[in-house]
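Colleague: Be aware that the sequence shown starts at 1133, since it is given in the working numbering, and climbs by one per residue.
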Amino acid sequence: MAELSKTYDPNAVEPKWYQRWLERGDFHADPSSPKPPFSIVIPPPNITGVLTLGHVLNNTIQDILARRARMLGHEVLWLPGTDHAGLATQTALEKVLRKTEKLTRHDLGREEFLRRTWEWREKHGRIIFEQLKRLGCSCDWARERFTLDADYAHAVQQVFVDLHEKGLIYRGRRMINWDPAALTALSDEEVIPTRQKSIL
């Protein structure tokens, strides 16, 4: 009889089992299934870098919910995706450009900067999905989404237009957080407020 190791070696166990689950299609949701549906849309991590411990905790909880629902007989769709995070991704890429090539997005021009942004998205999106797989997340990997996918972006635009037509989204004169370097407005989450005397 083989002796049990004194310590757990995840590399000796987890990749083999995860690959087996993928090959059997254990995480694939069947839209024509008679089972009661259960779905989670992953809060998409930004493609600005890699997953944090907060992402790990959040995705662990979602995985527990998805696996429990499967055990209870539900047809489970856990939809994985990533978020383009517009300005945050632009800022991260510009920082790398300045550091590695001493260039700005203006030096590159719009088309080249967009091309490099899509390269960034491919690289970091792949890293994020590999991290989620390494965590053992039971997502339906055949349905990966990105917030700039054409049909997804169209749906968001349509909802935005509908809300505008209902008067729920409108233009108005408001205080904003203007970033003079990026030449754009920032959300409250992206600034650190400090009190200072000045003139409006």
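All C-beta atoms, glycine included, are put in the ideal place defined by N, C-alpha and C.
Tell me which residues share the same chain as ALA1217 and place their Cβ nearer than 7 Å to its Cβ, disregarding the 5 neighbours each side in the sequence.
Modeller: Position 85 of the sequence shown, counted from the first residue, corresponds to residue 1217. ASN1178, ILE1179 and THR1180, listed in sequence order.
Colleague: Tell me whether VAL1182 sits in a helix, a strand or coil according to DSSP, three-state version.
Modeller: Translated into positions along the sequence shown, residue 1182 becomes position 50. Here VAL1182 sits in coil by DSSP.
Colleague: Going by the beta-carbon positions, is the gap between PRO1176 and THR1214 smaller than 7 Å?
Modeller: Mapped onto the sequence shown, residue 1176 falls at position 44. Mapped onto the sequence shown, residue 1214 falls at position 82. A contact, by the Cβ cut-off of 7 Å.
Colleague: Note down the Cα distance separating LEU1235 from GLU1226, rounded to an integer number of angstroms.
Modeller: Sequence index remark: in the sequence shown, residue 1235 carries index 103 (1-based). Sequence index remark: in the sequence shown, residue 1226 carries index 94 (1-based). Computed Cα separation, rounded: 8 Å.
Colleague: Rank ALA1313, ALA1144, TRP1153 and LYS1329 by C-alpha distance to the C-alpha of ARG1237 and give the top, closest one.
Modeller: Taking the sequence shown and counting its residues from 1, the one referred to as residue 1237 is at position 105. Nearest of ALA1313, ALA1144, TRP1153 and LYS1329 to ARG1237, Cα basis: ALA1313.
Colleague: Since ALA1198 contacts ILE1172 with CB under 8 Å, what's their CB separation in whole angstroms?
Modeller: Here residue 1198 refers to the residue found at position 66 of the sequence shown. Here residue 1172 refers to the residue found at position 40 of the sequence shown. Confirmed, Cβ separation roughly 6 Å.
Colleague: If I measure Cβ to Cβ from TYR1302 and keep anything under 8 Å in the same chain, skipping five residues before and after, which residues do I get?
Modeller: In the sequence shown, the residue the question calls residue 1302 occupies position 170. Contacts found: HIS1296.
Colleague: Does the distance from the C-beta atom of ILE1324 to that of ALA1317 stay below 7 Å?
Modeller: Position 192 of the sequence shown holds residue 1324. Position 185 of the sequence shown holds residue 1317. Against a cut-off of 7 Å, the Cβ pair of ALA1317 and ILE1324 comes out as no contact.
Colleague: Given that a residue counts as buried once 16 or more other Cβ atoms are within 10 Å of its Cβ, and exposed if not, what is ILE1174?
Modeller: Counted from its first residue, the sequence shown places residue 1174 at position 42. So ILE1174 counts as buried.
Colleague: Is it buried or exposed, PRO1212, if we count other Cβ atoms within 10 angstroms and call 16 or more buried?
Modeller: If you number the sequence shown from 1, residue 1212 lands on position 80. It is buried - the Cβ of PRO1212 has at least 16 other Cβ atoms within 10 Å.
Colleague: If I measure Cβ to Cβ from GLN1194 and keep anything under 7 Å in the same chain, skipping five residues before and after, which residues do I get?
Modeller: Walking along the sequence shown from the start, residue 1194 turns up at place 62. For GLN1194, where only same-chain residues beyond five positions count, the Cβ hits under 7 Å are ILE1172, ILE1174 and TRP1210.
Colleague: In whole angstroms, what is the alpha-carbon distance linking GLU1135 and PRO1166?
Modeller: As a working note, residue 1135 is residue 3 in the sequence shown. As a working note, residue 1166 is residue 34 in the sequence shown. If I take the Cα positions, the gap works out to 45 Å.
Colleague: Between which two residues does the alpha helix (DSSP H) carrying GLU1155 extend?
Modeller: Your numbering for residue 1155 matches position 23 in the sequence shown. Counting along the chain, the alpha helix (DSSP H) containing GLU1155 begins and ends at 1142 to 1156.
Colleague: Return helix, strand or coil for ARG1245, following the three-state DSSP convention.
Modeller: Reading the sequence shown from its first residue, position 113 is the one you call residue 1245. The identity of residue 1245 in the sequence shown is Phe, whereas the question assumes Arg. Of the three classes helix, strand and coil, the one that applies to PHE1245 here is helix, per DSSP.
Colleague: Kindly indicate the opening and closing residues of the alpha helix (DSSP H) around ASP1320.
Modeller: Numbered from 1 along the sequence shown, position 188 holds the residue referred to as residue 1320. ASP1320 -> no alpha helix (DSSP H), and no H or E assigned at all.
Colleague: Hey, TRP1273 and PHE1170 are a contact pair by Cβ (cut 8 Å); roughly how many whole angstroms apart?
Modeller: Here residue 1273 refers to the residue found at position 141 of the sequence shown. Here residue 1170 refers to the residue found at position 38 of the sequence shown. Incorrect: roughly 17 Å between the Cβ atoms, too far for contact.
Colleague: With a CB to CB cut of under 7 Å and the five nearest residues on each side skipped, what residues in its chain are close to GLU1146?
Modeller: Residue mapping note: residue 1146 aligns to position 14 of the sequence shown, counting from 1. So the list reads GLY1268, once near-sequence residues are dropped.
Colleague: Applying the 10 Å Cβ sphere with the 16-neighbour rule, what's the burial state of ASP1260?
Modeller: On the sequence shown, position 128 is the one that residue 1260 refers to. Note on residue identity: the sequence assigns Ile, not Asp, to residue 1260. Under this definition ILE1260 is a buried residue.
Colleague: Work out the CA separation of PRO1142 and ARG1266 for me, nearest whole Å.
Modeller: Position 134 of the sequence shown, counted from the first residue, corresponds to residue 1266. Position 10 of the sequence shown, counted from the first residue, corresponds to residue 1142. Distance between the alpha carbons of ARG1266 and PRO1142 is about 10 Å.
Colleague: Using DSSP with H/G/I as helix, E/B as strand and the rest coil, what is THR1214?
Modeller: Numbered from its first residue, the sequence shown carries residue 1214 at position 82. Correct three-state label for THR1214: strand.
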